[in-house]
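J.: After the structure tokens below, expect a handful of questions from me.
Residue numbers (the working numbering), protein chains in the order written: chain A, 1 to 87; chain B, 1 to 404.
The following block contains the structure:
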């Protein structure tokens, strides 16, 4: 999965779980202030990432992200790790 | 009032169907029922929750909550109450549900086995919990008063209405959204009832399968749906010029302490429930002019209920019309009592007794006036509604005509 695909998928998941449309989920959007993320919704997003992208994001890592771009970077990192594991 | 029933969504459609004797029973389409001996049910068709509630709520809730919210919305709209002008701490929600979010529960158990329990949906608890329905209705309208869900199987909806009645009588609330909901048509739930051999097997003639009090009855037909009523303190309702369908005047609940799934054969416990309800309402037996029966279409219930009516009403039992709207709706478990409460209120308001359809052959022991096949125009002043649940839980509600 390339960077563009990851970004699209992350934006889709965030839009669905944060009850908004994908055009409002921009890389610069802040999860809490702009998109209304709360702790329960964060758990939902993590579940969807796990279910759809088959990666297991650690709670501590996810708690550090502030923007959509941060989430994409984090997912890229995890997918990279996953691919390395397979090598 | 608001209702979602297999034979009509919305009070207008529901009442038209009841007046015309229209059945909502058909072959099951929701899942593959071919492995079961019973393959028929009362599915609510053409129901899209997104027509009534937003996607963010729909995706986080089970079908039973969808029914509850849609019914509550219709009831609030119908009552014309302006909640923003009310004291929301004195407005509550009490709902009956026998099974809660069974549909999602089933999906998650399967997912847990297939993918591993570490992959369970984090919303599982919130979606499955029976009180999700009372919570979502409260959140939707910001109602901060009394709030709970009652689970007494097939009498849940009637108990919810009875407890709301008591909360208002005890001055704990000015208004309560009360009713019942159930979405039991899943393969597991249906299979569990089928295994108990309590469901009708008349698969070739689904619309005729629910035949309460008829000699051919062979079990109940499971259905789904819900109903909500706005119960309001009388003076409060009068002050805002509310359209009052009927007055709730009596309620009783007891337990036969007899058997988990069988009614007491002689009907003595059900007779006691009706008697206590009449006492609560201050009525004599000959002041009742219609009984909406529990009338499930099972061999045992219909016989025990008939005996109970005879025991309490004596000779007058043969003069009081008794009908079962389950002949048209099927048995919606925890929603049944609430759907039937709506039918009773509409019967009083419209001076019309809904029929027991599919009545063709008299059982010699069941010889009351069951309002066979055709409804009847009749002015109604006092009406009883019976609901009997597994665990010998018996409930009776009394409604009176309100002429202002």
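We put the CB at the ideal spot given by N, CA and C, even for glycine.
Spatial neighbours of residue 136 of chain B within its chain, please: C-beta separation below 8 Å, excluding the five flanking residues on both sides.
T.: 57, 61, 65, 68 and 69
J.: From residue 125 of chain B to residue 101 of chain B, what distance separates their C-alpha atoms?
T.: 9 Å
J.: Between the alpha carbons of residue 140 of chain B and residue 103 of chain B, how many angstroms are there, rounded?
T.: Approximately 22 Å, taken between the alpha carbons.
J.: Could you check whether the stretch 195-207 of chain B touches the stretch 273-287 of chain B, counting it as contact only if at least three pairs of C-beta atoms, one from each stretch, sit closer than 8 Å?
T.: no
J.: Under a CB-based cut-off of 8 Å, is residue 62 of chain A close to chain B?
T.: For residue 62 of chain A, the answer is no, since every Cβ of chain B falls outside 8 Å of its Cβ.
J.: Alpha carbon to alpha carbon, how far is residue 342 of chain B from residue 167 of chain B?
T.: So the two alpha carbons sit approximately 20 Å from each other.
J.: How would you call residue 98 of chain B, buried or exposed, if buried means at least 16 neighbouring beta carbons within 10 angstroms?
T.: buried
J.: Thinking residue 162 of chain B and residue 253 of chain B are a contact (beta carbons under 8 Å), I'd like their distance in whole angstroms, please.
T.: 6 Å
J.: Using DSSP with H/G/I as helix, E/B as strand and the rest coil, what is residue 356 of chain B?
T.: strand
J.: In the DSSP assignment, what are the bridge partners of residue 96 of chain B?
T.: B/150 and B/180
J.: Can you tell me whether residue 216 of chain B is helix, strand or coil according to DSSP?
T.: coil
J.: Which bits of chain B does residue 44 of chain A rub up against, with CB to CB less than 9 Å?
T.: 60, 121, 122 and 123
J.: Beta-carbon within less than 6 Å of residue 308 of chain B's beta-carbon, same chain only, minus the 5 sequence neighbours each way: which residues are those?
T.: By the criterion of a C-beta distance shorter than 6 Å, residue 308 of chain B is surrounded in its chain by 267, 270 and 271, once the five residues flanking it on both sides are discounted.
J.: Give the residues of chain A in contact with residue 56 of chain B, contact being defined as C-beta atoms less than 8 Å apart.
T.: Neighbours of residue 56 of chain B in chain A, taken as residues at a C-beta separation under 8 Å, are given in chain order as 19.
J.: Use the C-beta contact count for residue 395 of chain B: other C-beta atoms within 10 angstroms, 16 or more gives buried, fewer gives exposed.
T.: buried
J.: Give me the Cβ distance between residue 51 of chain A and residue 119 of chain B, rounded to the nearest whole Å; I'm assuming they're in contact under 8 Å.
T.: Residue 119 of chain B and residue 51 of chain A do touch by the CB rule: their CB atoms are close to 7 Å apart, below 8 Å.
J.: Determine the DSSP secondary structure at residue 278 of chain B, reduced to helix, strand or coil.
T.: Reduced to three states, the DSSP call for residue 278 of chain B is helix.
J.: Indicate whether at least one CB of chain B lies closer than 8 Å to the CB of residue 77 of chain A.
T.: no
J.: Please report how far the alpha carbon of residue 76 of chain B lies from the alpha carbon of residue 53 of chain A, in whole angstroms.
T.: 43 Å
J.: Identify whether residue 230 of chain B lies in helix, strand or coil by the three-state DSSP scheme.
T.: strand
J.: Can you name the residues of chain E whose CB is closer than 9 Å to the CB of residue 51 of chain A?
T.: Looking for chain E here will not work: the only protein chains present are A and B.
J.: Using 8 Å as the threshold, is the C-beta distance between residue 332 of chain B and residue 223 of chain B below it?
T.: Between residue 332 of chain B and residue 223 of chain B, the C-beta gap is smaller than 8 Å, which places the two residues in contact.
J.: Less than 7 Å between C-beta atoms, sequence neighbours within five positions excluded: which residues of the same chain meet that for residue 133 of chain B?
T.: 64, 65, 68, 95, 97, 149 and 181
J.: Quick one, which of B/131, B/194 and B/93 has its alpha-carbon nearest residue 145 of chain B's?
T.: B/93
J.: Below 8 Å between beta carbons: does that hold for residue 277 of chain B and residue 250 of chain B?
T.: yes
J.: Please confirm whether residue 475 of chain B and residue 81 of chain B have their CB atoms less than 8 Å apart.
T.: Nothing in the structure corresponds to residue 475 of chain B, since chain B is present only between 1 and 404.
J.: Can you look up residue 291 of chain B in the DSSP assignment and give me helix, strand or coil?
T.: strand
J.: Within 8 Å of any Cβ in chain B, is that where the Cβ of residue 14 of chain A sits?
T.: no
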